Amino acid sequence: MSWTADEMMTIAAARRLHDGLSCFVGIGLPSTAANLARRTHAPGLTLIYESGTIGAKPDHLPLSIGDGILAETADTVVSVPEIFNYWLQPGRIDVGFLGAAQIDRFGNINTTAIGDYADPKVRLPGAGGAPEIAASCGEVIVIVRQSRRAFVDRVDFVTSVGFGRAAGDRARLGLRGHGPRTVITDLGILEPDPGTEELRLTHLHPGTTLAQAQEATAWPLTAAPTLQRTEPPTPDELQALRALT
Amino acid sequence: MSWTADEMMTIAAARRLHDGLSCFVGIGLPSTAANLARRTHAPGLTLIYESGTIGAKPDHLPLSIGDGILAETADTVVSVPEIFNYWLQPGRIDVGFLGAAQIDRFGNINTTAIGDYADPKVRLPGAGGAPEIAASCGEVIVIVRQSRRAFVDRVDFVTSVGFGRAAGDRARLGLRGHGPRTVITDLGILEPDPGTEELRLTHLHPGTTLAQAQEATAWPLTAAPTLQRTEPPTPDELQALRALT
Amino acid sequence: MAQVVPLADAVAEVVHDGDSVALEGFTHLIPFAAAHEIIRQGRGGLTLIRMTPDLVYDQMIGMGCARKLVFSWGGNPGVGSLHRFRDAVQSRSLEIEEHSHAGMANAYVAGASGLPFAVLRGYRGTDLPGVTATIKPITCPFTGEELTAVPAITPDAGIVHAQRADRRGNVQLWGITGVQKEVVLASRRSLVTVEEIVDTLTPVPGAVVLPSWAVDYVSPAPGGSHPSYTQGYSVRDNAFYSAWDAISRDQSTFLSWMRDNVLSQAAGTPPPPAARAPEAPGNHA
Amino acid sequence: MAQVVPLADAVAEVVHDGDSVALEGFTHLIPFAAAHEIIRQGRGGLTLIRMTPDLVYDQMIGMGCARKLVFSWGGNPGVGSLHRFRDAVQSRSLEIEEHSHAGMANAYVAGASGLPFAVLRGYRGTDLPGVTATIKPITCPFTGEELTAVPAITPDAGIVHAQRADRRGNVQLWGITGVQKEVVLASRRSLVTVEEIVDTLTPVPGAVVLPSWAVDYVSPAPGGSHPSYTQGYSVRDNAFYSAWDAISRDQSTFLSWMRDNVLSQAAGTPPPPAARAPEAPGNHA
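Each protein sequence line maps, in turn, to chains W, C, L and V.
Be aware that the first sequence starts at 1494, since it is given in the numbering used here, and climbs by one per residue.
Be aware that the second sequence starts at 1494, since it is given in the numbering used here, and climbs by one per residue.
Be aware that the third sequence starts at 3, since it is given in the numbering used here, and climbs by one per residue.
Be aware that the fourth sequence starts at 3, since it is given in the numbering used here, and climbs by one per residue.
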């Protein structure tokens, strides 16, 4: 079976979600990956959407984070203040799943504006739940297609904090979660260097090269000493993904 | 029909509750009076208990503020944080109904301790919902039997603020409601002097005298120039009260 | 006690030029019928407040109702941009005050609670405090830890949609309840549009009840959340959300759509058949 | 994921000497069976936290479990005093930290929210800030208004009673829900006792659901809220609350009652027939 780069990206993201975890899900690719994990190796994954739906088990992919199917299949539906205050903020949720318009070498995310904030070249949707998901979840997985436009040296606007500007910044800011430990792209997987907390390439998806990944990154991307090759999608994974979308 | 002083007190309190009002009800005599009002002239009175029951319509008097009958008959039941934060604190509730162990000439209430706080002569139950009821309800009605032990010049401990120590204290403290505008006893009714905010006698119940009320008050109690006689209980009122208790 | 009145009358009472107005509904129960009536009544100079501006504020912004927008996520969920919003911001013709969802949700809670501000673990390390004056640090008086404060949101007018109300104006809503309760309680004047008026509000699991005495106006507006939805009455018109991208991309196409589908309709007119939700109303729990 | 285990095992895991412990339930759903098991296991030096100490803490204080009490209203509702509590305070053998209901409810909310403190309009002008160190002023950074702060309550152990749980440990409770959710979420370790374990949690109007992964232990304890009650399963034993006044007035009468009715019982034993609620379990909604 052949597959697209987006399919590989989604499957690689789904694999990072283990059974029994709780996952705060953004819309789009994160939702697809989280629902794929629940349909394959992680049936006990708890999906939490910022609309207040805890334990949603949709039988089709929702378009928005507030589609009726999420409320109808949830273990419980709580108010929006409650989902942020009682569930996200105290660090109860294991994994946050985010997208990004721009992401920089320290995993900081921009979803606010390209260019100057007051006079933007492109106005993006803004923060939504992302800043607090990035701050409070046990760890964050970012799913984003790799390109020089998206993978920048420094984001134009810090909407959600990754590792700040240097190792130790998260602790200095009082952020409780471990931050963006995994950035999954259509080319491979980036993870922070344990010392500098700068993102470097740890996995290449089948058929991609380090040069390709470096070409799609606006900072001098380095590879981890243990650079690995992602396992290709299995037929089961592809089938489950295609049934979902 | 004859009646007891407690019956007169409860009926006088019930009469102060008008149809269409919302009333935050403490347990004991306040609950009896509020339920009596709802059974007689104020069927549209909304009873709110600190257990989170809004619009309770009990068919018998509850012993506690959390009896099942309150939840079963309520328009809605909310959590205890919500009843205090969303409903009481913003000043949404018209009338607060409180009891007291001690009350002083400025309507301040003590339900905490008689004597020294650290080494009390008598330890009382404490604050419960009273401080915030006294602060936030549109106005407060206090129901308490009149005696020199209870009606003191200055309470041993201010659990709930009436008019503080002088006119204007409520505004200085940022308390939003109008405070204890009515204190109903087994002898009569006290209301604050519009100038000094000191409580003075405005009504005597049938068969009682000013001297009696003064004798039962530890500060020099004065009568309002318009001192009136309370209308005696009607047979309907007495019947409804006795059916309730 | 809430007054149960026709939508046009309620909107005229509740929304005035220059008001701060919050039309809420987190994806679910968005009060489109009320928004359309505000547009028809020609209101302007409004400060629009909403966590997710969504199509409802894209329409109001495009029609020139807004002077300022207070918001936390301005996209078309699962589709892309809100073009009228985006154009207005990029052309600097709309003042914005920008928060995170957590910040706005807590600001509504403070408003509903009669507090001047709310405290949260939020915004720290982000660039938002640098561009939004209503985000300030606050120090815990017990631990010395620094947290973030946002001021209460207390709109002049708060409007939400709900499943139903009884004849006395008690309101019941369920499904995703969002910040519906908070916005009604935080607002100086409130309006709830409902799918139907019923004799008795049979209890429903997960339902929020707003007592009549906490609401100012209730107006029947069947289908009034379309293209958003009302759990038990309709499903989200995802096709319409997708189609909106093309309708709204260009101001003149947008204006022509608004003329045909909003301005020329009377208050309470159901949405055009082509854009209605597939599920028939009435299958409520 | 919550572990579903017998009550004696859960209490042994959750409550240790010297812990801060909150057994909550606002009149309704008070976890008496768990309290009795704590007493039987001989725990001591506890900081007991509860808005209304009620009979449950009168018993624990009388049995010498407590070093300190954090509370907001210490009476026997509708009856009078809590004699073991009152004697302990009057003899200065129990340290107290005293709040209002609004203060404690907000302190639990802060605990559940992962915040170090909560803000409220409360206590102003009262003598409580003078005697309770955990009440401090805080100034609004936007308006300059002075309000009141209380620190979060984050008990070592939080215990509540509920109607039921499923086999995976998801908990469902309804009726007066009090601060049940907050205390479970605020606590380092939590235990929920339930009337029954069921296959499926059928939705119930007004119900709160605590997902299994937010609870540590679930233990069956049918009748475990007596003389408090469990909506749908039992009614409040008001006669017992009235009778407690005479039982508890004197320490020796109290001890003899505790010996006969608590110490000599095994964990999970239903209350003595004479003191049981009149309504049979099982008529749930």
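We put the CB at the ideal spot given by N, CA and C, even for glycine.
For clarity, every value in this text was computed on a predicted model and none was experimentally measured.
Item                                                                                                                                                                                                                                : Value
Using 10 angstroms around the beta-carbon of W/Val1615, count the other beta-carbons present and answer buried if the total reaches 16, otherwise exposed.                                                                          : exposed
Please list the partners that V/Lys70 has in chain L, where partner means a Cβ-to-Cβ separation under 7 Å.                                                                                                                          : In chain order: nothing, as chain L lies at least about 17 Å away.
How about C/Ile1558 and C/Gly1519: are their beta carbons less than 9 Å apart?                                                                                                                                                      : yes
Between V/Phe256 and L/Phe144, what straight-line distance do the alpha-carbon atoms span, to the nearest angstrom?                                                                                                                 : 39 Å
On the three-pair Cβ rule with 8 Å, is the stretch 1511–1526 of chain C touching the stretch 167–175 of chain V?                                                                                                                    : no
Using 8 Å as the cut-off, can you tell me whether the stretch 1692–1709 of chain C makes contact with the stretch 1715–1735 of chain W, which would need three or more C-beta pairs spanning the two stretches below that distance? : no
Would you say V/Val206 reaches chain L, if we count a Cβ-Cβ gap shorter than 9 Å as a contact?                                                                                                                                      : yes
Go through the stretch 81–165 of chain L residue by residue and report every complete run of the alpha helix (DSSP H) that reaches 4 residues or more, in order.                                                                    : 85–92, 103–114 and 130–133
Assuming the contact rule is C-beta atoms closer than 8 Å, V/Thr232 and V/Gln165 should be a hit. Round their C-beta distance to whole Å, please.                                                                                   : 6 Å
Comparing alpha-carbon positions, which option in V/Phe28, V/Arg88 and V/Val264 lies nearest V/Val162?                                                                                                                              : V/Phe28
Any beta-carbon of chain L closer than 9 Å to the one on C/Arg1669?                                                                                                                                                                 : yes
Shorter than 9 Å from the beta carbon of C/Ser1515 to some beta carbon of chain V?                                                                                                                                                  : no
Tell me which same chain residues have a C-beta within less than 6 Å of the C-beta of L/Ala12, skipping the five on either side of it?                                                                                              : Leu193, Tyr219 and Ser221
Since C/Leu1591 and C/Ser1640 are thought to touch, with beta carbons under 8 Å apart, how far apart are those beta carbons, to the nearest angstrom?                                                                               : With 8 Å as the limit, C/Leu1591 and C/Ser1640 do not qualify as a contact, their Cβ atoms being about 17 Å apart.
Which chain C residues are close to L/Ala216, counting only those with a beta carbon under 7 Å from its beta carbon?                                                                                                                : Arg1585
Could you name the residues of the stretch 64–97 of chain L whose beta carbon sits closer than 9 Å to any beta carbon of chain C, in the order they occur along the chain?                                                          : none
With a cut-off of 8 Å, do at least 3 Cβ pairs link the stretch 1544–1560 of chain W to the stretch 1586–1602 of chain W?                                                                                                            : no
Quick one: residues in its chain with C-beta nearer than 6 Å to the C-beta of W/Gly1655, no 5 flanking neighbours on either side, listed in chain order?                                                                            : Phe1599, Gly1600, Asn1601, Gly1672 and Pro1673
Residue range of the beta strand (DSSP E) that V/Tyr219 falls in?                                                                                                                                                                   : Tyr219 to Pro222
So which of V/His103, V/Asp158 and V/Gly105 has the shortest CA-CA distance to V/Gly20?                                                                                                                                             : V/Asp158
Leaving out five residues on either side along the sequence, give the residues of the same chain with a beta carbon under 7 Å from the beta carbon of V/Pro280.                                                                     : Because the pLDDT at V/Pro280 is just 38, under 50, the model does not fix this residue reliably, and the value given afterwards should be weighed accordingly. Same-chain partners within the cutoff: Val237.
Got a sec, what are the start and stop residues for the beta strand (DSSP E) L/Val16 sits in?                                                                                                                                       : Per DSSP, L/Val16 belongs to no beta strand (DSSP E); it is in the alpha helix (DSSP H), Leu9 to Val16.
Could you tell me which residues DSSP puts in a beta bridge with W/Thr1701?                                                                                                                                                         : Per DSSP, none; premise fails for W/Thr1701.
Quick check on the burial criterion: 16 or more other C-beta atoms within 10 angstroms. Buried or exposed for W/Gln1595?                                                                                                            : buried
DSSP three-state label for V/Ala276, please.                                                                                                                                                                                        : Interpretation of V/Ala276 is limited by its pLDDT of 43, a score under 50 that renders its predicted location unreliable; no figure is taken from the coordinates.
Could you check what DSSP says for L/Val264 in three-state terms: helix, strand or coil?                                                                                                                                            : helix
Please name the residues in the stretch 1535–1547 of chain C whose beta-carbon is closer than 9 Å to at least one beta-carbon of chain L, in chain order.                                                                           : Gly1537, Thr1539 and Ile1547
On the criterion of 16 or more Cβ atoms from any shown chain inside 10 Å, does V/Ser230 qualify as buried, or is it exposed?                                                                                                        : buried
How many angstroms separate the CA atom of W/Leu1540 from the CA atom of W/Leu1514?                                                                                                                                                 : 9 Å
In terms of residues, what are the limits of the alpha helix (DSSP H) holding W/Gln1595?                                                                                                                                            : W/Gln1595 -> not in any alpha helix (DSSP H); beta strand (DSSP E) instead, spanning Gln1595 to Asp1597.
Under DSSP, the beta strand (DSSP E) around C/Val1633 begins and ends at which residues?                                                                                                                                            : Glu1632 to Ile1636
Using a cut-off of 9 Å between C-beta atoms, extract the partners of V/Val111 located in chain L.                                                                                                                                   : By Cβ distance, chain L contributes nothing, its closest Cβ being about 10 Å from V/Val111, past 9 Å.
Please return the same chain residues whose Cβ sits closer than 8 Å to the Cβ of V/Arg86, not counting the five positions on each side in sequence.                                                                                 : Asp60, Gln61, Ile63, Gly64, Ser250, Gln253 and Phe256
Show which residues of chain V have a CB atom less than 9 Å away from the CB atom of C/Gln1582.                                                                                                                                     : Ala104, Leu122, Arg123 and Gly124
If you count every other CB in all the chains shown that lies within 10 Å of the CB of L/Pro275, and 16 or more means buried, which is it?                                                                                          : Below a pLDDT of 50, predicted positions are generally treated as unreliable, and L/Pro275, at 45, falls in that range; the measurement from the model is reported next regardless. The residue is exposed, with fewer than 16 neighbouring Cβ atoms inside 10 Å.
Does the beta carbon of W/Thr1566 come closer than 9 Å to any beta carbon on chain V?                                                                                                                                               : no
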